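Student: Starting off with a structure, shown below.
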């Protein structure tokens with residue numbers, strides 16, 4: 410299962426900084442002037458969920474997605 414999330418806000422409030430923090434790398438340009446980031450940034454982050462292992466046990470599946 411996948412989840413898509415967007416970060417929206419006023420200019421120069423830290424959206425790119427938040428994006429970089431979530432990805433744990435400097436992928437988006439973060440500058441101290443408005444409209445530094447014009448093009449959308451896309452990143453993929455794995456969000457571990459311990460419930461997945463419990464669901465797999467309950468269903469008796471050998472493979473976890």
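Residue numbers (the numbering used here): 410 to 474. Just so you know, even glycine gets a beta-carbon here, dropped at the ideal spot from N, CA and C. For clarity, every value in this text was computed on a predicted model and none was experimentally measured.
#1: What's the call for residue 411, buried or exposed, on a 16-neighbour Cβ count within 10 Å?
#2: Check whether the Cβ atoms of residue 439 and residue 450 lie closer than 8 Å to each other.
#3: Where does residue 444 sit, in a helix, a strand or coil, going by DSSP?
#4: For chain B, is any of its Cβ atoms less than 8 Å away from the one on residue 429?
#5: For residue 436, which residues of its own chain have a beta-carbon under 8 Å away from its beta-carbon, when the five flanking residues on both sides are left out?
#6: Does residue 425 come out as helix, strand or coil in the three-state DSSP assignment?
#7: Taking the alpha-carbon positions, what's the residue 418 to residue 425 distance?
Tutor: In short, the structure shows the following:
#1: exposed
#2: no
#3: coil
#4: This model lacks chain B altogether; it includes just one protein chain.
#5: 428, 429, 450 and 452
#6: helix
#7: 10 Å
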